[in-house]
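Protein chains in written order, with the working numbering: chain A, -9 to 291; chain B, 83 to 376.
For each residue, glycine too, the CB sits at the ideal point set by N, CA and C.
Below you'll find the structure, written out as structure tokens, and then a few comments.
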Amino acid sequence: MVIAAILAGCGNTGDSAGGVAGPIGVDGSSTVFPITEAVAEEFIAETRGEVRVTVALSGTGGGFRRFCGGETDISNASRPISQTEIDACASAGIGYVELPVAYDGLAVLANLGNDFVECLTVDELRQIWAPGSTVQSWSQVRPEWPDQPLRLYGPGTNSGTFDYFTEEITGEAGASRSDYTASEDDNVLVQGVSGDGNALGYFGFAYYAENRDRLKLVAVDSGSGCVEPTPETIESGQYAPLSRPLMIYVKESALESPAVQSFVQFYLDVAPQLVAEVGYVPLEANGYDEARARLAQALDG
Amino acid sequence: MSNVKATVGRFEPRRTTRYTIGQVFRTIFLLATCVGIAALLVLLLDVLNEGATHLSWDFIRSYPSRFADRAGIWAALIGSIWVLSLTALFSFPLGIATAIWLEEYAPNSWLTRTIQMNIANLAAVPSIVYGILGLAVFVRWLEMGRSVLAGSLTLTLLILPVMIIAGQEAIRAVPTSIRLGSYALGATRWQTVRRQVLPMAMPGILTGTILALSRAVGETAPLIIIGALAFVPFVPDGPLDSFTVLPIQIFNWISRPQPEFHAIAAAGILVLLAVLLTFNLIAVLLRNRYSKKL
């Protein structure tokens, strides 16, 4: 234990003395992870490995816990920071800048063999997914649909995707019926929906994009007609309410380090290209300009 | 007549029936063995089929990347070797010492029995609980940060109960007559333990160590909790560097939407198996050396 404490002491001084080349710590959403990983990979190539960047994936909530504990410089988030997290950051004296970096759509999917469901309204989705919902068959959703059991697939409660879907559909983050097949791994959901004729599920658009030939996309009607998620409808916000911005939160004090500064600037510069490469939808061009303006403001302040 | 029948009945050898029953059980046991081996074979073939073509020197020596064909496992491989070596270094002496004390020194008191019961219970605690413990004690309280050292110590706690129990079993298997003989020749308790008990128990202790370390190398949950990373483009320089390990890298690749990443995850599993086999081989060689000495 004594040795450990001494070693730990050395480590701490090493970290703070690291300064310019010290590792930039990023944690947070596993949805945003591939984007930040791609940016970090390019950044390290660009700086020839002089700056170390590490990325972890504790999830949006786990990431904010570490961020507001002062342990990381940047937090990946697939939903905006919550009030409890804002309070935690405030009481720890941690200021931050929120920068949107991409859009993600949540796709609603059915089995390929399903020949009746083409579109669901937000009301129908709410009826199906609401806590305590008694919908057990397709005919309970719409009387003209067959009286077949409805089997539901969705992400587990730790996922930011779950928080976002429940917030938009049932009106309260985390409020959902719980008698469905849940998995934190979206690939399991893809398997489940593609193998179950009566399945209905939801997960990130990128997972649908890689499995187009195995799943049936269900359009969503939020009052102005059925809209299918595509990169265009997600970016324009037409695919409502299931398209969401993905963000990074940068600690203000970390921006004093030139390494973090240039990393974040680099992030916004390469994002349009890299975001598309890893399967998400880039912001419209002035979205990145706005983010740059926010960053400049934070740097001045 | 009926009298005779009863007597014959009592001494009926029923040879055919007994042999048949014997054969039936032999087959059942053989089948049971086959189930395990078949499952393992199917798993191996599946992973080999998917991953073998992606296994190359480049894959082993490269850092993670967003392009599946450029991504490699070097950081995770070195991270795993670091963590496993340190875990072995910490847990082996601690585990054996505890086992020796409990078997050879401890009085049969309520305290010993409580410790004993706790160790048995600890062996069944889910690994994620150790992760939370490691985060609170090593990462935060002892301020080790999210380092190789904190990870190894967490895994040490995780596998200690298994190692202690295996060590105790091995020590208990040493016949009491050997200890008594040693005492009769005037040896002290420590001399008896060191010269008689430990050498005889060593093969069993090493087997327990193999099993425990195999568990450690496959753990993901506690290391994610204490903050092992998913994207680490460098290898740890020392025990205080941040790190990643093979299971986390594999998990990260498997959970991606692109099928190419699933294929390199399979290649990663092959590397993990190779690491596991290498460590086991070392332990088996050590065990054989000890066995021969006797």
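query: Three-state class that DSSP yields for residue 67(A) in the structure shown; result: strand
query: From 139(A), 21(A), 289(A), residue whose alpha carbon lies closest to that of residue 96(A); result: 21(A)
query: Neighbour-count burial assignment, residue 59(A), 16 or more Cβ in a 10 Å radius; result: exposed
query: Interface positions of the region 23 to 35 of chain A facing chain B (Cβ-Cβ less than 8 Å), listed along the chain; result: 23, 24, 26, 27, 28, 30, 31, 34
query: Contacts of residue 44(A) in chain B (Cβ-Cβ under 7 Å); result: 311, 313, 314, 324
query: Residue 197(A) beta carbon less than 8 Å from that of residue 155(A); result: no
query: Cutoff 8 Å: residue 283(A) Cβ touching any chain B Cβ; result: no
query: For residue 92(A) and residue 230(B), the rounded distance between their alpha carbons; result: 33 Å
query: Short-range partners of chain B found in the region 82 to 101 of chain A, where Cβ spacing is below 8 Å; result: none
query: First and last residue of the uninterrupted alpha helix (DSSP H) at residue 178(A); result: 176 to 185
query: Residue 116(B) burial status per 10 Å Cβ neighbour count (16 or more: buried); result: exposed
query: Residues that DSSP places opposite residue 297(B) in a beta bridge; result: According to DSSP, which records beta bridges pairwise, residue 297(B) is partnered with nothing at all.
query: Any chain B beta carbon closer than 8 Å to residue 239(A); result: no
query: Close Cβ partners of residue 30(A) (< 7 Å) along its chain, the five nearest in sequence each way excluded; result: 43, 45
query: Cβ contact (3+ pairs, closer than 8 Å) linking the region 122 to 131 of chain A and the region 248 to 264 of chain A; result: no
query: Bridge partner(s) assigned by DSSP for residue 171(A); result: 143(A)
query: Endpoints, the alpha helix (DSSP H) within which residue 282(A) is located; result: 275 to 290
query: Beta-carbon proximity check, residue 239(B) vs residue 301(B), cutoff 8 Å; result: no
query: Residue range of the beta strand (DSSP E) that includes residue 86(A); result: 86 to 101
query: Beta-carbon neighbours of residue 18(A), restricted to chain B and to distances below 8 Å; result: Here the premise fails: no neighbours, minimum Cβ distance about 11 Å.
query: Interface flag, residue 105(B) vs chain A, CB-CB below 8 Å; result: no
query: Spatial distance of residue 16(A) from residue 334(B) (CA atoms); result: 16 Å
query: Check whether residue 232(B) and residue 221(B) have beta carbons under 8 Å apart; result: yes
query: Within-8 Å CB hit, residue 177(A) to chain B; result: yes
query: Under 7 Å (Cβ pairs) to chain B, residues found in the region 248 to 272 of chain A; result: 267, 268, 269
query: Among 290(A), 106(A), 231(A), nearest to residue 138(A) - alpha-carbon criterion; result: 106(A)
query: Positions along the region 323 to 347 of chain B whose CB lies within less than 8 Å of some CB in chain A; result: 324, 334, 336, 337, 338, 339, 340, 341, 344
query: Cβ-based contacts, 8 Å cut-off: residues of the region 201 to 215 of chain B near chain A; result: none
query: Cβ shell of residue 372(B) (< 8 Å), same chain only, five flanking positions each side left out; result: 281, 284, 285, 288
query: Closer than 8 Å to chain B by CB, residue 200(A); result: yes
query: Given 8 Å, three or more beta-carbon pairs between the region 191 to 205 of chain B and the region 356 to 372 of chain B; result: no
query: Alpha carbon of residue 65(A) to alpha carbon of residue 127(A), nearest angstrom; result: 41 Å
query: Whole-angstrom distance between residue 337(B) and residue 175(A), CA atom to CA atom; result: 6 Å
query: Sheet register partners of residue 210(A) (DSSP bridge); result: 110(A), 217(A)
query: Residues, ordered as in the chain, of the region 188 to 216 of chain A that lie near chain B by beta-carbon distance below 9 Å; result: 194, 196, 197, 198, 199, 200, 201
query: For residue 125(B) and residue 329(B), the rounded distance between their alpha carbons; result: 16 Å
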